[in-house]
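Residue numbers (my numbering): 5 to 358. For glycine and all other residues, C-beta sits at the position ideal for the given N, C-alpha and C. Please read these numbers as outputs of a predicted model, since none were measured by experiment. Some notes on the structure that comes next.
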């Protein structure tokens, strides 16, 4: 049982998190929030309040805010990238909403929810139809169920890493130390690096030279990514267990599936089963079992087959020992991409910083 002081403290923390989240959301999307933004925020804040997660969010908010004020780059990864609340609080750069345009001046917004666009980065450049301002493209399309779980009570996975010379948080990251050095030496903010730079993308087509693992070298050599979303997909292969070697590697090489259908992250299971007409509740159950390495039960496999799910998909799921989230793969891809940008555009400075 909580005492009265604990309850009041928790209520106050919940109130702070809610106020900060809505304040930022209204700065981006207008005083009257679009339904899709309002619904997602309400859903997440309900889970945070109900499960007493607000202290963790507030601590993370304060840590990242302090690091930013001190001019230190921050690398946040884990499931936190699937949280709109975390994005509004500045804990993560990743906006999990569907691909969309938003106007920084009049707050016009338009969301693409028909599956015709993978992420906001690939939306067409447009000007605001109301005020003529160039529209901002955003949204990485990460379903809330990945963050909250079936029952809305999944513990938020928040990992924060900073450079080695900054010590108020638990994890130090050499990549962030290098980013900080490169930012200072080039006077180019890593947050301003475009994720569709052709010269940077070409650097990933020569065997994953920006990652030391054998798996990533094999993956990048095989696919030669042409866009940032491909890099995210490939990092998913690299960060899982039982996902690439003797699994997706063989299926793709044998022509049983393509890169688009391949299982790389948890969300791929949801998307594929939804495409086959499997209801959301069962799709989520399958995703949860597979991501933990528990596979698909025989009776569930038969039900999936009746929906047209092929044998290769089920066999692949049964080989997976761990499957990371798209948010985690995305964070890792952004880190590697930014370092690659400095490497290909400022090679001399990169060597000096390294």
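message = Under 8 Å: do the segment 99-107 and the segment 280-291 share three or more Cβ pairs, one atom per stretch?
response = no
inquiry  = Beta-carbon within less than 8 Å of residue 353's beta-carbon, same chain only, minus the 5 sequence neighbours each way: which residues are those?
reply    = Here the question's residue 353 lines up with position 349 in the chain shown. So the list reads 186, 189, 190, 346, once near-sequence residues are dropped.
key: Unbroken stretches of the alpha helix (DSSP H), 4 residues or longer, contained in the segment 153-212   = 178-190, 202-207
inquiry  = On a Cα-Cα basis, can you pick out the residue from 34, 260, 337, 162 that is closest to residue 313?
reply    = Residue numbering aside, residue 313 sits at position 309 when the chain shown is read from its first letter. Residue 313 has its Cα closest to that of 260, out of 34, 260, 337, 162.
request  = Just mark residue 44 as buried or exposed, buried being the case when its beta carbon has 16 or more other beta carbons within 10 Å.
outcome  = As a position in the chain shown, residue 44 is number 40, starting the count at 1. With 16 or more Cβ atoms within 10 Å of its Cβ, residue 44 is classed as buried.
query = Could you give the distance in angstroms between the alpha-carbon of residue 52 and the alpha-carbon of residue 257?
reply = Start at 1 with the first residue of the chain shown, and residue 52 comes out as number 48. Start at 1 with the first residue of the chain shown, and residue 257 comes out as number 253. Each residue's alpha carbon lies about 43 Å from the other.
task = Please state whether DSSP places residue 106 in a helix, a strand or coil.
result = Counting from one through the chain shown, the residue named residue 106 turns up at place 102. Strand at residue 106.
ask   = Bridge partners of residue 115, per DSSP?
value = Translated into the one-based positions of the chain shown, residue 115 becomes position 111. DSSP, once it has assigned bridges, lists 104 as partnering residue 115.
query = If you draw a straight line from the alpha carbon of residue 237 to that of residue 273, how long is it in whole angstroms?
reply = Reading the chain shown from its first residue, position 233 is the one you call residue 237. Reading the chain shown from its first residue, position 269 is the one you call residue 273. Taking the straight line from one Cα to the other gives about 13 Å.
task = Could you name the residues of the same chain whose beta carbon sits closer than 7 Å to that of residue 153, not counting the 5 residues immediately before and after it, in chain order?
result = As a working mapping, residue 153 is identified with position 149 in the chain shown. Cβ within range, chain order: n/a, list empty.
request  = Along the beta strand (DSSP E) that carries residue 126, what are the first and last residues, could you check?
outcome  = The residue labelled residue 126 in the question sits at position 122 within the chain shown. No beta strand (DSSP E) holds residue 126; DSSP gives it neither H nor E.
message = Counting C-beta neighbours from all protein chains within 10 Å, is the total for residue 120 16 or more, i.e. buried, or is it exposed?
response = Here residue 120 refers to the residue found at position 116 when the chain shown is read from its first residue. So residue 120 ends up on the exposed side.
Alpha-carbon to alpha-carbon, residue 83 and residue 112 = In the chain shown, residue 112 corresponds to position 108, counting from 1. In the chain shown, residue 83 corresponds to position 79, counting from 1. For residue 112 and residue 83, the distance between alpha carbons rounds to 29 Å.
From 76, 203, 74, 72, residue whose alpha carbon lies closest to that of residue 344 = Walking along the chain shown from the start, residue 344 turns up at place 340. The option with the nearest alpha carbon to residue 344 is 203.
message = Between 265, 299, 99, 234, which has its C-alpha nearest residue 151's C-alpha?
response = Locating residue 151 in the chain shown gives position 147, counting from the first residue. Residue 99 is the option with its Cα nearest to residue 151.
Continuous alpha helix (DSSP H) stretch holding residue 288: start and end = The sequence position of residue 288 within the chain shown is 284, counting from 1. Taken as a continuous stretch (DSSP letters only), the alpha helix (DSSP H) holding residue 288 covers 284-295.
query = Between residue 34 and residue 139, what straight-line distance do the alpha-carbon atoms span, to the nearest angstrom?
reply = As a first step, residue 34 is located in the chain shown; it is residue number 30 there, counting from the start. As a first step, residue 139 is located in the chain shown; it is residue number 135 there, counting from the start. Cα-Cα distance, rounded: 14 Å.
message = Let me confirm a value: residue 117 is counted as buried when at least 16 other C-beta atoms fall within 10 Å, else exposed. Which label applies?
response = Position 113 of the chain shown, counted from the first residue, corresponds to residue 117. Classification for residue 117: exposed.
query = How should residue 245 be labelled, buried or exposed, when 16 other C-beta atoms within 10 angstroms of its C-beta is the threshold for buried?
reply = Numbered from its first residue, the chain shown carries residue 245 at position 241. So residue 245 counts as exposed.
message = Comparing C-alpha positions only, which one of 341, 67, 324 sits nearest to residue 298?
response = For the purposes of this step, residue 298 is taken as the residue at position 294 of the chain shown. Among 341, 67, 324, the Cα nearest to that of residue 298 belongs to 324.
request  = From the DSSP output, read off the bridge partner residues of residue 81.
outcome  = Start at 1 with the first residue of the chain shown, and residue 81 comes out as number 77. For residue 81, which the question treats as bridged, DSSP gives the partners 163.
ask   = Roughly how many whole angstroms lie between the Cα atoms of residue 47 and residue 29?
value = Along the chain shown, one-based indexing puts residue 47 at 43. Along the chain shown, one-based indexing puts residue 29 at 25. Distance between the alpha carbons of residue 47 and residue 29 is about 14 Å.
ask   = According to DSSP, what are the bridge partners of residue 245?
value = Mapped onto the chain shown, residue 245 falls at position 241. According to DSSP, residue 245 bridges with 326.
ask   = In three-state DSSP terms, what is residue 55?
value = Taking the first residue of the chain shown as 1, we reach residue 55 at position 51. DSSP places residue 55 in coil when its eight states are reduced to three.
message = So, for residue 216: in the same chain, excluding its five sequence neighbours on each side, which residues have a beta-carbon less than 8 Å away from its beta-carbon?
response = Along the chain shown, read from residue 1 onward, the residue named residue 216 stands at position 212. Low per-residue confidence applies at residue 216: pLDDT is 49, beneath 50, and the placement is therefore not dependable enough to give any value.
inquiry  = Quick check: residue 77 and residue 22, are their CB atoms within less than 8 Å of each other?
reply    = Counted from its first residue, the chain shown places residue 77 at position 73. Counted from its first residue, the chain shown places residue 22 at position 18. No. Outside cutoff.
task = Could you check if residue 207 is buried or exposed, using at least 16 other CB atoms within 10 Å of its CB as the buried criterion?
result = Within the chain shown, residue 207 is the residue found at index 203, counting from 1. Classification for residue 207: buried.
inquiry  = Quick check on this structure: which residue in 264, 227, 90 has the alpha carbon closest to the alpha carbon of residue 57?
reply    = Taking the chain shown and counting its residues from 1, the one referred to as residue 57 is at position 53. Ranking the options by Cα distance to residue 57, first place goes to 90.
inquiry  = On the criterion of 16 or more Cβ atoms from any shown chain inside 10 Å, does residue 172 qualify as buried, or is it exposed?
reply    = On the chain shown, position 168 is the one that residue 172 refers to. Burial call: exposed.
query = Cα separation between residue 280 and residue 309?
reply = Residue 280 sits at position 276 when you count from the first residue of the chain shown. Residue 309 sits at position 305 when you count from the first residue of the chain shown. Approximately 10 Å between the Cα atoms of the pair.
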